[in-house]
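One structure is given here, and the rest of the page talks about it.
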Amino acid sequence: MSDKFDYRELGLKCGLEIHQQLDSKCKLFCNCPTQIRNIEESNHEFFRYLRPTASEMGETDRAALEQSKLRRKYIYKAYDTTCLVENDDEPPTEVNKEALEIALSITKLLNMVPVDQVHMMRKIVVDGSNTSGFQRTAFLAKDGYLDTSVGPVGVGVLCLEEEACQKIEDQGDSIIYSLDRLGIPLVEIGTDPDIISPQHAKETAQQIGMLLRSTGKVKRGLGTIRQDVNISIAKGARVELKGVQALDMIETIVEREVERQVNLIAMRDELLERNASVCDTIFDVTDIFKETKSKVIKKTIKKGKVYAVLLRGFDGFVGREVQPGRRLGTEFSDRAKTSGVGGIFHTDELPAYGVSEEEVQAMRAELGAEENDAVVMVADREERARGAMESVIIRAKEALEGVPEETRRALPDGNNSYLRPLPGAARMYPETDVPQVNISKEYFESVEMPELLTERAKRFESEFGLHRELAEKIAYSTYLPLFEEIMEILGDNESVNATLVVRTLTGTLPELKRDGVEVDNLEDKHFIDVCTLIAEGGAAKEAIDQLLRALACEPELCAKDAAEKLGLGSIDLSDVEGMVEAIIKERQGFVKEKGMAAVGPLMGVVMAEVRGKVDGKTLSEILKQKVNEYIST
166 MSDKFDYREL GLKCGLEIHQ QLDSKCKLFC NCPTQIRNIE ESNHEFFRYL RPTASEMGET
226 DRAALEQSKL RRKYIYKAYD TTCLVENDDE PPTEVNKEAL EIALSITKLL NMVPVDQVHM
286 MRKIVVDGSN TSGFQRTAFL AKDGYLDTSV GPVGVGVLCL EEEACQKIED QGDSIIYSLD
346 RLGIPLVEIG TDPDIISPQH AKETAQQIGM LLRSTGKVKR GLGTIRQDVN ISIAKGARVE
406 LKGVQALDMI ETIVEREVER QVNLIAMRDE LLERNASVCD TIFDVTDIFK ETKSKVIKKT
466 IKKGKVYAVL LRGFDGFVGR EVQPGRRLGT EFSDRAKTSG VGGIFHTDEL PAYGVSEEEV
526 QAMRAELGAE ENDAVVMVAD REERARGAME SVIIRAKEAL EGVPEETRRA LPDGNNSYLR
586 PLPGAARMYP ETDVPQVNIS KEYFESVEMP ELLTERAKRF ESEFGLHREL AEKIAYSTYL
646 PLFEEIMEIL GDNESVNATL VVRTLTGTLP ELKRDGVEVD NLEDKHFIDV CTLIAEGGAA
706 KEAIDQLLRA LACEPELCAK DAAEKLGLGS IDLSDVEGMV EAIIKERQGF VKEKGMAAVG
766 PLMGVVMAEV RGKVDGKTLS EILKQKVNEY IST
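The opening residue of the sequence shown carries number 166 in our numbering; numbering runs sequentially from there.
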């Protein structure tokens, strides 16, 4: 994270939209489980073609219109847990009350004011991610706030809505989706544009994430939470960046978008100084490339066309960077791809890709291009190629205005790419199939306020004597419910303390995974069973690693059976004392030389003989006693 910009001087305005799946038993509008399935478990499929619909006022959303430019086939993989509601063959049921109450508890944590009555709306989405062509969403609360290190951040919106399908494969003319995720309840939390820096954006996202996890009722894991970031600077425009998966990337993503807007504004000013302009004519230059050596163009013109557009004064600008590794020409290409083409060529990078200098000069002559002019071209089927050039013309004109308002996709490296126009008000209209829900003052007050994870960590320190680092680690871990269950069952046992349980869940397990052990086979019952066995003296705590390895290989076993298979049954302490005495006698010279300092090295020898059968503390005491007796005599 660099400090290359003065964000206050630039007038940065930044807000977050957090989308978090809720861990309810059933989906938002049906009784299907909120369970993610393996695509190989799909037992049937169907397909849809989707088109945008007009709002109540007769307007069609511009984002939906652009998404529908490509007539794609959407294929849906269904399961034995898929119902007619998900297929859009049956009306939805009433709102899931469990999901509603989880959302209301989050409302309390964010100091928000709930609505008196919940009304569902339809949000038009025609990218195939919903079988119906819209997403159901409800405005639930407003006027909240979140405390941060640089002051409060307003939380203006909390919505309860249904999750979309999961995209499995994009095949070009068709897209395959999985229906297992569709309908899982989620909350959308929108902050006010009070975030003043990339670091502040990350802190705010972390705070919201902590509050969400504090409920104990949100799903965990990749894809269960997504951050969208709204960014603008004073001379720029509002841009919505979708799909920020990794919290650690938020700082880079904010900085890179600010960099893009700063560069686009600088380009605009220079282009206007050049009196740059965009020609509306789309030129057919197919004949120029009849004998081309470019494989891409040669393959295309058999059934397609080569079209070109003239950008007056744009020479040198199309190839200029707006973000690291991304150029103005990349922005043009992103827009062109919405028509289905693979990409574009432009004269800032030609001759290249098999296009010769003679072909470039012939094309420039055909279009009447002068020294400071740029030419952008595309080769594809006629309809696609024309659509691509129309999109390039629109984007080039926007370059003369500065930064266009749009929705963009966050990329893994921190950059972003064009996705679609910003949606407008025409995107929403009422859902008439779902009855409204009243939120009375008494009902809202009855919703339980969860304990914050920060407070829970402090409680673990005082209640279980955990070190602060371990207390925070388990409080923020996915194993928190399991830890609390084990401590509730065995909290008073001397052999199984909180430190042992935390280190097993947050230390031993990752180590086993790195060793290639199939830890996903281990269920909560296995950990409880192992801890219970140790508490009852059936094995030593040093055997935890071995027991978990065995249970991961044979999950049908219980801990006691696994211990017997490993030969970890209990051993008489008199036998241990005899074994220790024999080891001391074998190494009497070493013991005479080192005295009590011999205990440490000998401990490893003894442990190798009885590992998992005797508690390490007990073994250490026996060894110290026997070494001391030997030295004394």
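Every residue, glycine too, gets a C-beta built ideally from N, C-alpha and C. These numbers were taken from a predicted model, which means no experiment stands behind them.
Enumerated in chain order, which unbroken segments of the alpha helix (DSSP H) with a length of 4 residues or greater are wholly contained in the segment 693–757?
-> Within the segment 693–757, the complete alpha helix (DSSP H) segments of 4 residues or longer fall at 709–718, 724–730 and 738–751, listed in chain order.
Assuming residue 446 contacts residue 524 under a Cβ cut-off of 8 Å, what Cβ separation, rounded to an integer in Å, is found between them?
-> Your pair residue 446 and residue 524 does not check out as a contact, with CB atoms roughly 20 Å apart and the cut at 8 Å.
Give me the Cα-Cα distance between residue 285 and residue 264, rounded to the nearest whole angstrom.
-> Their Cα atoms are separated by approximately 14 Å.
C-alpha distance - residue 334 paired with residue 214, whole-angstrom precision = In this structure, the CA atom of residue 334 is about 16 Å from the CA atom of residue 214.
What is the rounded straight-line gap between the Cα of residue 163 and the Cα of residue 237?
-> Past the boundaries of the shown model lies residue 163; the chain is included only from 166 to 798, so the question cannot be answered.
For residue 308, which residues from the same chain have a beta carbon less than 6 Å from its beta carbon, with the 5 sequence-adjacent residues on both sides left out?
-> Counting only Cβ-Cβ distances below 6 Å, and skipping sequence neighbours, we find 278.
Within the segment 461–547, ranges of the alpha helix (DSSP H) (whole runs, at least 4 residues) = Restricted to the segment 461–547, the alpha helix (DSSP H) segments that are unbroken, complete and at least 4 residues in length are 493–502 and 522–532, listed in chain order.
Selected residue, minimal CA-CA separation from residue 606, among 378, 750, 281 and 502 | Relative to the Cα of residue 606, the nearest Cα in the group 378, 750, 281 and 502 belongs to 281.
Opposite residue 302 in the DSSP bridges: which residues?
-> Paired residue(s): 286 and 326.
Extent of the continuous beta strand (DSSP E) to which residue 391 belongs | From DSSP, the beta strand (DSSP E) with residue 391 extends over 390–397.
Between residue 472 and residue 537, what straight-line distance do the alpha-carbon atoms span, to the nearest angstrom?
-> Each residue's Cα considered, the two are about 20 Å apart.
Mapping DSSP to helix, strand and coil, what is residue 459?
-> The DSSP-derived three-state label of residue 459 is coil.
Buried versus exposed call for residue 323 [16 or more other C-beta atoms within 10 Å across all chains shown] | By the neighbour-count criterion, in which a residue is buried when 16 or more other Cβ atoms sit within 10 angstroms of its Cβ, residue 323 is buried.
Straight-line Cα distance separating residue 671 from residue 654 = So the two alpha carbons sit approximately 19 Å from each other.
Tell me where the alpha helix (DSSP H) around residue 199 begins and ends.
-> No alpha helix (DSSP H) contains residue 199, which DSSP labels as neither H nor E.
Taking the runs of the alpha helix (DSSP H) that are 4 residues or longer, which of them lie wholly in the segment 620–653?
-> Here the runs fully enclosed are 633–640.
Using DSSP with H/G/I as helix, E/B as strand and the rest coil, what is residue 429?
-> Here DSSP, grouped into helix, strand and coil, assigns residue 429 to helix.
For the beta strand (DSSP E) holding residue 355, just list the boundary residues, first then last.
-> First-last of the beta strand (DSSP E) with residue 355: 350–356.
Assigned exposure category for residue 166 - 16 Cβ within 10 Å defines buried | Its pLDDT being 47, under 50, residue 166 is placed unreliably by the model, and the measurement read from it follows with that caveat. Note on residue 166: under 16 other CB atoms within 10 angstroms of its CB, so exposed under the neighbour-count rule.
Buried versus exposed, by CB contacts within 10 Å (16 or more), residue 652 | Residue 652 should be labelled buried.
Those residues which DSSP pairs with residue 191 across a bridge | DSSP lists 198 as partners of residue 191.
Please name the residue in 190, 494 and 427 whose C-alpha comes closest to that of residue 169.
-> Looking at the Cα atoms, 427 is the closest of the given residues.
Assign residue 204 to one of two classes, buried (16 or more other C-beta atoms within 10 Å of its C-beta) or exposed (fewer than that).
-> Exposed: under 16 other Cβ atoms inside 10 Å.
Start and end of the beta strand (DSSP E) containing residue 593?
-> Segment 593–595, the beta strand (DSSP E) holding residue 593.
Since residue 679 is in the alpha helix (DSSP H), which residue starts that stretch and which ends it?
-> For residue 679, the enclosing alpha helix (DSSP H) covers residues 674–679.
With burial defined as no fewer than 16 other Cβ atoms inside 10 Å of the residue's Cβ, what is the status of residue 760: buried or exposed?
-> Exposed is the call here.
Would you kindly report the start and end of the unbroken alpha helix (DSSP H) that includes residue 664?
-> 663–668 is the span of the alpha helix (DSSP H), which, as asked, contains residue 664.
Does DSSP classify residue 407 as helix, strand or coil?
-> Assigned with DSSP and collapsed to three states, residue 407 falls in strand.
Sequence ranges, beta strand (DSSP E) only - wholly within the segment 236–271, length at least 3 | Segments of the beta strand (DSSP E) lying fully in the segment 236–271: 238–243.
Measure the Cβ-Cβ separation of residue 549 and residue 504 and say whether it is below 8 Å.
-> Cβ distance < 8 Å, so residue 549 and residue 504 count as in contact.
Are the Cβ atoms of residue 663 and residue 617 separated by less than 8 Å?
-> Taking 8 Å as the cut-off, the beta carbon of residue 663 is found no closer than this to the beta carbon of residue 617.
Alpha-carbon spacing of residue 602 relative to residue 609, whole angstroms | Each residue's CA atom was taken as its position, placing residue 602 and residue 609 some 12 Å apart.
Could you please give the first and the last residue of the uninterrupted alpha helix (DSSP H) stretch that includes residue 798?
-> Residue 798 -> no alpha helix (DSSP H), and no H or E assigned at all.
Alpha-carbon spacing of residue 262 relative to residue 690, whole angstroms | C-alpha of residue 262 to C-alpha of residue 690: approximately 29 Å in a straight line.
Roughly how many angstroms separate the alpha carbons of residue 713 and residue 723, rounded to a whole number?
-> Approximately 11 Å, taken between the alpha carbons.
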